[in-house]
Amino acid sequence: MSVYEKNLKQVLKYMNIFFILHIPIFYYMSSFFGTEKYIALGAPIILILGNLFVEYIFKNLKLASALMGFSAISMSAIMIHLGKGMIEWHFHIFVMIGILSLFANPMTIITAALVAAIHHISFYFFLPESVFNYDATFGIVLIHAAFVVVESCACFMLSLRFKNSLSLQEKLSIEISPLVKSIDEISKNTKLTCTNLLDYTNSNSSSITEISATAEEITQMVKSTLDQIGQCVSLMKETNDSVDSSSEAIAKGEEFLGTLKVIKEKMTDLGEQSSQKLGSVEKSVNDISDKTTLINDIVFQTKLLSFNASVEAARAGESGKGFAVVAEEIGNLAETSGKASEEIGKIVEQSKDQLNHSIEDISESIKSFQNQVGEAFNLWAEINDQLQSSFSKVRENSLKQEGSLDEISAAANQQSTGVSELSEALATIDDSSNDSLAKLKELEMMTQYLEENADKLSSLNNEMKN
C-alpha cells in the first residue's frame, strides 16, 4: 500500500469517527430546535454505512474519498436543517471543506463544492427554511457560493499540493527505504568488519610480536648452527687430513709389502741355492763315502798282501825276516788305515745323516717361512685392499659431507639473511598495523556516525510513511 493510499485510509477512518461523533450533537440539536430526530440519527448512519460500503466492498479508496466530499457536505446540510437554517451552522461547510483537504484528493474538494452549490440552490427554491432562517435573496446564496468557491479553490490547490507532497514522499520513501536499509546494512557490516579488523589487527600485532621474538630465536639458532657447522667443517678437514695421512701410511705399507715380496723371492732363491749347495755337499759326502769304500778295499787288499807276504817270509826263513817285519808293519798300517777308514766311514755316515736331516729341516723351515710370509703378504694385501676401499669411501663421503656442510652453511646464511629481512618486514608490518589500527578506529567512529544517521533516516522514513 502506497503512502497516498495509507493517508486516504487513515483520513477515511478519522472522518467516519468524526461523523459518529456528530450523532449525539445532531440528536441534541433536534431536541433543542424540535426538528426530526430520525434525520438526526438515521441520516448520519446511512452516510457512514455508504462510506464503509464503498471503502471495504468496492475497495476503492479514491472513490470513497470522493464520496466523503458528498457525505461531509451532507452532514453540514443535516446540521443546518436541524438548526433551522441558522447562519452560524453554515460555517460547518467551510470547516468540512478545509478538513477534506487532508484527503489530498482534488476530486473530493470538487465533489464537496458541487454538493454545497446544489444544496444551497435546490434548498433555496424548495426548502428555504432549511437553508436560511430569514428571508434571504438569491444574491445571498451567490455570496455563500462565492465563499465556497474561493475556499474550494484554495483547498483544491492545497489538496493538490498535499497529493504531490505525498507522491514525493512515496517516491522518497521508495528510493530512501532501500538506501536506508543499504546504509544500515553497510554500516552494520562495516561496523562488524571494523570490529573483526580491529580484533584481527590486534591479533596480528600480537602474532607479529611473537613472530619477531621467534625470528630472533631462529636467528640465534641459525648462528649456533653456523658455529656447529663450522666446527663440523673443521673436523671434516681434520678427518680428510687423517685420511691423507692414512693414505700415506697405506702407501708405505704397500712399499713394505713390496719389500716383503722381494724378501720372499730372495728367501725362495736362497732356499733353492741352499738346497743346491747342500746337494753338492751331500754329493761330496757321497764321494767321500765312495772313496772310503775304495780305501777299505785297498786296506783289505793290503792286509791280504801283508798276510801273503808274511806267509812267504815264513817260508823264506831267516832270509825273509826283514821282509816279514815289513809285511807286518804294512799289515799294521793297513789295519790302522782300515780302522781310520771305518771311523771316517762312520763319520761320513753320521755327517750324511745329519746333512740329510739338516737339508730336510732347512727345507721345511724355508717352506714354513715362505708360507708364513705368503700368508702375511696375502693378509696384508687383503687388509690393504679393505683399508684402501674404506679410506676411499671415507674420503668420498667426507668430501660429500664437506660439500653438504658448505651448502648447509650457505643455506643457513641465506636463512639468517631471510630472518633479518623478515624481522625488518615484520617491524614495517607492525608500524603499518598500528597506522591501520588508528585508521580503523577512525573508520569505526565514522561507521558509528553513519549508523546513527541511518537510524535517523530510518526513523524519518517511518515518519514519512506514517
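Under the working numbering, the first residue of the sequence shown is numbered 39, with each subsequent residue one higher. All C-beta atoms, glycine included, are put in the ideal place defined by N, C-alpha and C.
In terms of Cα proximity to Leu343, the closest of Glu356, Asp328, Leu332, Leu371 is Leu371. Contact between the stretch 84-94 and the stretch 50-61 is present, with at least three C-beta pairs closer than 8 Å.
The criterion of a C-beta distance shorter than 8 Å is satisfied by Lys201 and Tyr42. Taking all protein chains shown into account, Pro216 has fewer than 16 neighbouring C-beta atoms within 10 Å of its C-beta and is therefore exposed. Shown here, Met39 sits in coil according to DSSP, grouped into three states, outside any helix or strand. Runs of the alpha helix (DSSP H) spanning 4 or more residues and lying entirely within the stretch 61-103 occur at 75-94, in chain order. A residue is called buried once 16 or more other Cβ atoms fall within 10 Å of its Cβ, and Ile221 is buried on that count.
For Phe170, the secondary structure class from DSSP, reduced to helix, strand or coil, is coil. Of the candidates Trp127, Leu140, Ala81, Leu140 places its Cα closest to the Cα of Lys51. One Cα belongs to Ala419, the other to Gln426, and the distance between them is close to 10 Å. Closest in C-alpha terms to Thr485, from the list Gly296, Ile224, Gln314, Phe338, comes Ile224. Looking at the backbone, the Cα of Lys494 and that of Val169 are separated by about 53 Å. Ser375 and Thr340 have their alpha carbons spaced roughly 10 Å apart. A distance below 8 Å between beta-carbons, with the five flanking residues on each side excluded, links Met145 to the following residues of its chain, in chain order: Lys100, Ser103, Ala104, Gly107. Out of Glu126, Ser318, Leu332, Ala151, the CA that lies nearest to the CA of Ile137 is found in Ala151. Rounded to the nearest angstrom, the gap between the Cα atoms of Cys193 and Ile135 is 7 Å. If you look at Phe132, you'll find it in the alpha helix (DSSP H) that goes 129-138.
If you check the CB distance, Met113 and Trp127 do not come in under 8 Å. Here the alpha carbons of Asp423 and Asp444 stand approximately 31 Å from one another. Listed in chain order, the non-local C-beta contacts of Thr330 below 7 Å within the same chain comprise Ser379, Ile382, Gly383, Val386, local neighbours out to five positions each way being set aside.
A straight-line Cα-Cα distance of about 38 Å links Arg353 and Ser327. When Asp325, Ser203, Ser160, Glu213 are compared, the shortest CA-CA separation from Ala183 is found for Ser160. In this structure, the beta-carbon distance from Phe185 to Tyr162 does not fall below 8 Å.
The DSSP-derived three-state label of Thr175 is coil. Rounded to whole angstroms, the separation of the alpha carbons of Leu198 and Ile63 is 32 Å. With a 10 Å radius around the Cβ and a threshold of 16 neighbouring Cβ atoms, Gln258 comes out exposed. Per the C-alpha coordinates, the member of Gly123, Lys219, Leu210, Ile147 positioned closest to Val179 is Gly123. Separation of Glu373 and Leu332 (C-alpha to C-alpha, rounded to the nearest whole angstrom) is 15 Å. One thing to note: Ala155 has its Cβ no nearer than 8 Å to the Cβ of Asn45. Shortest Cα-Cα distance from Glu398 to any of Gly355, Asn451, Asn472, Gln314 involves Gln314. The alpha-carbon of Gly296 is positioned some 60 Å away from that of Glu255. Burial is judged here by how many other beta carbons sit within 10 angstroms of a residue's own beta carbon; Met483 has fewer than 16 and is exposed.
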